[in-house]
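Keeping their order, the protein sequence lines are chains R and A.
Counting from 14, one number per residue, gives the positions in the first sequence under the working numbering.
Counting from 14, one number per residue, gives the positions in the second sequence under the working numbering.
Protein chains: 2
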Amino acid sequence: MSVELNHLGASRSEELRLFFHADELAWAVAGTTSPNPAVGCLLLDDTGRIIGQGATQPAGGAHAEVMALADAQTHGEDVRGSRAVVTLEPCNHTGRTGPCSHALAEAGVARVDYLFADPNPQAQGGADYLRAHGVEVNGPALSPTHKEDEPPTQWVPIFAVETWLTSAVHLRPHVTLKLASTIDGFIAATDGTSQWITGEAARRYVHEDRARRDAIVVGTGTVDADNPRLTARDESGQPMPQQPLRVVMGRRSIPDDAAIHHPPGQALHLREHDPRVVLQEMHSRGMVDVLVEGGPHITKAFLDAGVVDRIELYQAPSLLRAGQPSMIAPVNLSTSMSDIRELNPRQMRVLGRDTLWTLSR
Amino acid sequence: MSVELNHLGASRSEELRLFFHADELAWAVAGTTSPNPAVGCLLLDDTGRIIGQGATQPAGGAHAEVMALADAQTHGEDVRGSRAVVTLEPCNHTGRTGPCSHALAEAGVARVDYLFADPNPQAQGGADYLRAHGVEVNGPALSPTHKEDEPPTQWVPIFAVETWLTSAVHLRPHVTLKLASTIDGFIAATDGTSQWITGEAARRYVHEDRARRDAIVVGTGTVDADNPRLTARDESGQPMPQQPLRVVMGRRSIPDDAAIHHPPGQALHLREHDPRVVLQEMHSRGMVDVLVEGGPHITKAFLDAGVVDRIELYQAPSLLRAGQPSMIAPVNLSTSMSDIRELNPRQMRVLGRDTLWTLSR
């Protein structure tokens, strides 16, 4: 998903700053909310002072708007006449919790600014409900776009709620493909060794990233070759509190004593090589956000299936000169420059000596 | 060349800020000073106010220190007791101009802070001369380092004088290798088309970059395949005032009507395929800073000869999936991860949708 700025008027930079603040609250809970979206909400009084903030709780718990209202009330703030700034259109749906649109209207919130529209047919309608109950509603401030012929020229930051938006639209988990290479494009030496292409800071970031995902996907080939644990570990090597499900796809058997099975119960072997089927299975288990850390063949399969939403490219400031030549298994294609597929650059992060470039489609 | 911070005490960030300011002056003249270094100089009074600034003039003209003294005097400032901040040790050599060390001492400058030591045996000794004449001298603030086993962890900015320093130490021009690829590492489609991998902003930057070089080097193969002009052109396609010499290396003939010969007189065909010989010839013509824009074979030749000082990697946010596989002509090597060659990341620049990563050895 790529996003496009719209509906932002003269106060655009101030409005964006508030959305970025709300998005920070959302990032703090990313990885803990599925199947619900990671959303952040601010409440401001009429001077613009922040009187409440909240983010989505784990499934079954309160949504961001309700958390922000509770936060304000806990601090003795009067929420009547306040303005809510929220990264997703308030839901209008009674599930395990009541609709946020009702909670906001009942609390007397006067204005709601939201970043993205809710594409979920069951939950949408929050903006209409609020308007019908006398609340001023502004949004969506950003719209997803898929116009491949008009790529946005600005680098739009990555919002925490985007993975869920993709999942709600495509009815499958959002897929991030992790790639890593030297600057000359190699992923491993000719003898197959590939450890430590990137440095300590990049490796630490991979673990933080894993902790924010619902699942990590690799192929049986990676389990055979590298026997990875795929857990999210902190600097001292200890498992982080939040762990993604570890999914191995492919028809080959994996040994019972593979590292991925320790600690037990967090790994799943799907005897399937079609990414669409694998994603369907994960979607049915409530997974919204998966990270594919497979080798060139898994990478190729996901690209060929057209289900890659985001690419994270780790690059080491190194030359290898000869090695395993491609991050993606070779395709036997004749190409011309007209076949190039443009992605949208979203973020460039410096991780020690390495860089991480995040791109979306 | 990689550089290492040293000798910077408690006032380090303030001192660095002054050196960066002086370096900005130097960058403004980069490409116009060869065979002399592009140096910048500030003069400050005892309150820290800048009273003069200057940068190296074209060969035969004044050096940065003399320009800064003249600038201060033009504005009626008293330079006695002032502090000079200069990006290279003041020269102690009478060439086409007098020694800067003498000019500073005679003007009554009380303190000189310099960034890099002068490695040129003919010109060095400026710091000693100044000390012997009662001037407080601090420097060098940075030292070039070649310790490959201990790569610096910080990203040190690129200083304008570095190309000249490398040239002075190795007695050949400093070599920057320009590479461009998609994120999956391709430089061209399978049909050989390669135009427009990167976007407008990156193409504009290439021209600005060329204008700061003494020469651009390509192989006869590139002339055959692309028939490039290799001029530095502005946004409207007009040649910039400062043009690099265009050097074609290789034993094959190039057609008289090749674009590189228009306008005439700025291209040189060296019938040679050894980068060291080509660089020697360019060094004898006073060239300090060359940009190699060749294809995979020229790239390989310069890397194999061990004469690549800096790499500029342009990357487009695009996937090609299949294409000409390597930025560097393949080498028939067996590699292990222990063969990896670590470079030093120096700068990451966003150019529209593309990125430019600059690395040095």
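Beta carbons: idealized from backbone N, C-alpha and C, even for Gly.
Bridge partners of A:T368 according to DSSP: A:Q328, A:V363. Closest by C-alpha distance to R:H220, out of R:K191, R:D237, R:T233, R:I196, is R:K191. Within the same chain, and ignoring the five residues on either side of A:A116 in sequence, the residues whose Cβ sits closer than 7 Å to its Cβ are E78, V79, L82. Of the candidates R:P309, R:H146, R:E325, the residue whose Cα lies closest to the Cα of R:R124 is R:H146. Residue-level contact by beta carbon holds for A:S331 and chain R, with a gap shorter than 8 Å. A:T189 is bridged by DSSP to A:L304, A:R323. By DSSP's assignment, R:G53 forms a beta bridge with R:A68. Just so you know, the alpha carbons of R:G319 and R:R374 end up roughly 10 Å apart.
Within chain R, I353 have C-beta atoms less than 8 Å from the C-beta of A:T195, given in sequence order.
For A:G61, the number of other beta carbons within 10 angstroms of its own is below 16, and it is reported as exposed.
Sequence-distant partners of R:W40 (beyond 5 residues in either direction) whose C-beta falls short of 6 Å from its own C-beta, in its chain, are A173.
Going by beta carbons, A:G53 and A:E28 fall outside the 8 Å limit. If you draw a straight line from the Cα of A:V301 to the Cα of A:S180, it is about 6 Å long. Sequence-ordered contacts of the segment 231 to 249 of chain A with chain R are nonexistent [C-beta pairs closer than 9 Å].
Rounded to the nearest angstrom, the gap between the Cα atoms of R:A154 and R:P132 is 14 Å. Inter-residue distance for A:E294 and A:G308 is about 21 Å (C-alpha atoms, whole angstroms). Taking 8 Å as the threshold, the shortest C-beta distance from A:L369 to chain R does not fall below it. DSSP places A:D317 in no beta strand (DSSP E) but in the uninterrupted alpha helix (DSSP H) bounded by 309 to 317. Closest option to R:F315, judged by alpha-carbon separation, among R:P186, R:Q167, R:L243: R:P186.
When secondary structure is reduced to three states using DSSP, R:E37 falls in the helix class. Collapsing the DSSP output to three states places R:S47 in coil. Of all residues in the segment 301 to 316 of chain R, only L316 come within less than 8 Å of chain A when Cβ atoms are compared, listed by chain position. In the structure shown, the three-state DSSP call for A:S26 is helix. Here the C-alpha atom of R:P112 lies approximately 43 Å from the C-alpha atom of R:T233. Around the beta carbon of R:N240, a 10 Å sphere encloses fewer than 16 other beta carbons of the protein chains shown; the residue is thus reported as exposed.
In the structure shown, A:E119 falls within a helical segment according to DSSP collapsed to helix, strand and coil. Using a Cβ-Cβ cut-off of 7 Å, R:L326 is close to I196 of chain A, given in chain order.
Counting the other CB atoms within 10 Å of its CB gives R:D287 a total below 16, which places it among the exposed residues. Interface flag for A:V363 against chain R is set, since a Cβ pair is found closer than 8 Å.
Scanning the segment 122 to 186 of chain A for uninterrupted beta strand (DSSP E) segments of 3 residues or longer gives 124 to 129, 149 to 151, 155 to 158, listed from N- to C-terminal end.
The criterion of a C-beta distance shorter than 8 Å is not satisfied by R:A329 and A:T348.
Residue-level contact by beta carbon holds for A:D204 and chain R, with a gap shorter than 8 Å. Residue-level contact by beta carbon holds for R:A335 and chain A, with a gap shorter than 8 Å. Counting other Cβ atoms within 10 Å of its Cβ, R:V363 stays below 16 and is therefore classed as exposed. At a cut-off of 8 Å between beta-carbon atoms, R:R366 makes contact with chain A.
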